[in-house]
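In our numbering, the protein residues as written are 19 to 347.
Report on the structure given below.
In structure tokens, the structure reads:
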């Protein structure tokens, strides 16, 4: 009988047997044994890997298997990015040509019916990426002065809470990882802060949540938010359409020679206003045959953004997010 601490060799000189440890009496399962179980696919996969890892003749194939798996991941992510880029390009082209795809819902009319911030946020978080891009193209640019819609000001900072939205079934997870683990250095992204300025250059920073213990939370004056990842902001031409947007550009604040800085230098955010009033009520809309007029008193309470890297598909491969003006409780 075989000892549990001495795996059995097969005729090829390898050790293809594995331990079955899901019962009180552990047993060795010889190669080719198929145990009927709801975990059969995982069991079979582990058996296969164990066999090759113990076999001198086949252990050299492990790097090839890992390379094949990595290649498959790259193919899937590239395919998802290409689909997003094609979708964005087709929507932008039809928008610039004043055409509406019959398959695309009237998201602008849908947004105009939102009665509160809570309703708007619920709808935005359930919308597909395609609808979010279509809504962004129909939104208007904010004025710099409109950023004062937020009532929470600290040293003339205009504070916005941030929320990531759908970027497709596959890329949403990747976007969350990049934003919270890489961009935030392990801290959750919380939004943005825009600093007022008397000069021609306006500066902003991203907000990241800090974990605090009970004692720190009880002490007033200790902030639970870290301001990092500086950017310049201005009103400029959108890369998605012929209109203008609020542009957040990171390149002026990163070195040209640092390896990690090369990644973040290419980061750009574009933002436009979803027309809600400062009191979270929809703006009055009057429509005739030629145009739609919206009241714009302090309207930048809800911003829809598209974030992208210039080196990774640019604006066509952008990830949607939104900013909500932070209000004092």
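Ideal placement from N, C-alpha and C gives every residue a C-beta, glycine not left out.
Backbone secondary structure at residue i - three-state DSSP
i: residue 371; result: Absent from the model: residue 371. The displayed extent of the chain is 19 to 347, so no value can be given.
i: residue 177; result: strand
i: residue 165; result: helix
i: residue 277; result: helix
i: residue 243; result: strand
i: residue 211; result: strand
i: residue 106; result: helix
i: residue 83; result: helix
i: residue 262; result: strand
i: residue 254; result: strand
i: residue 183; result: coil
Extent of the continuous beta strand (DSSP E) run through residue i
i: residue 285; result: 285-291
i: residue 338; result: 337-343
i: residue 198; result: No beta strand (DSSP E) holds residue 198; DSSP gives it neither H nor E.
i: residue 326; result: 320-327
i: residue 203; result: No beta strand (DSSP E) contains residue 203, which DSSP labels as neither H nor E.
i: residue 221; result: 220-227
Bounding residues of the alpha helix (DSSP H) (the contiguous stretch that carries residue i)
i: residue 147; result: 147-156
i: residue 195; result: 189-195
i: residue 130; result: 125-130
i: residue 135; result: 135-144
Of the residues the options, the one placed nearest residue i, counting alpha carbons only
i: residue 217; options: 224, 252, 244, 241; result: 252
i: residue 105; options: 258, 219, 291; result: 258
i: residue 250; options: 242, 99, 211, 86; result: 211
i: residue 285; options: 266, 275, 327; result: 327
i: residue 241; options: 145, 228, 203; result: 228
i: residue 213; options: 222, 158, 247, 205; result: 222
i: residue 261; options: 247, 274, 288, 246; result: 288
i: residue 325; options: 128, 165, 193; result: 193
i: residue 245; options: 255, 256, 278, 224; result: 224
i: residue 163; options: 126, 215, 209; result: 215
i: residue 116; options: 196, 155, 208; result: 155
i: residue 159; options: 208, 255, 127, 103; result: 255
i: residue 180; options: 329, 278, 243; result: 243
i: residue 125; options: 102, 329, 114, 157; result: 157
i: residue 146; options: 127, 102, 329; result: 102
Cβ-heavy atom distance, residue i to the ligand FAD, below 7 Å
i: residue 208; result: This structure simply doesn't include the ligand FAD, nor any ligand for that matter.
Rounded separation between residue i and residue j - CA only
i: residue 334; j: residue 107; result: 6 Å
i: residue 177; j: residue 343; result: 6 Å
i: residue 263; j: residue 81; result: 47 Å
i: residue 100; j: residue 90; result: 15 Å
i: residue 274; j: residue 204; result: 24 Å
i: residue 331; j: residue 109; result: 16 Å
i: residue 291; j: residue 283; result: 25 Å
i: residue 130; j: residue 293; result: 7 Å
i: residue 141; j: residue 322; result: 13 Å
i: residue 86; j: residue 226; result: 36 Å
i: residue 345; j: residue 175; result: 13 Å
i: residue 320; j: residue 83; result: 47 Å
i: residue 17; j: residue 219; result: The question about residue 17 has no answer, for the chain in this structure spans 19 to 347.
i: residue 316; j: residue 165; result: Here residue 316 scores only 47 on pLDDT, less than 50, and its place in the model should not be relied on; the value that follows carries that caveat. Their Cα atoms are separated by approximately 8 Å.
i: residue 247; j: residue 183; result: 20 Å
i: residue 132; j: residue 277; result: 44 Å
i: residue 266; j: residue 88; result: 33 Å
i: residue 113; j: residue 200; result: 34 Å
i: residue 196; j: residue 111; result: 29 Å
Contact with chain C by residue i, beta-carbon distance below 8 Å
i: residue 149; result: Although the question refers to chain C, the structure presented lacks it and comprises just one protein chain.
(message) Across the segment 89-101 and the segment 181-199, are there enough close Cβ pairs to call them in contact, namely three or more that are closer than 8 Å?
(response) yes
(message) For the segment 267-286 against the segment 136-150, do three or more pairs of beta-carbon atoms, one drawn from each stretch, fall closer than 8 Å, so that the two count as touching?
(response) no
(request) Examine the Cβ distances between the segment 150-157 and the segment 324-343 and report whether three or more of them are shorter than 8 Å. (result) yes
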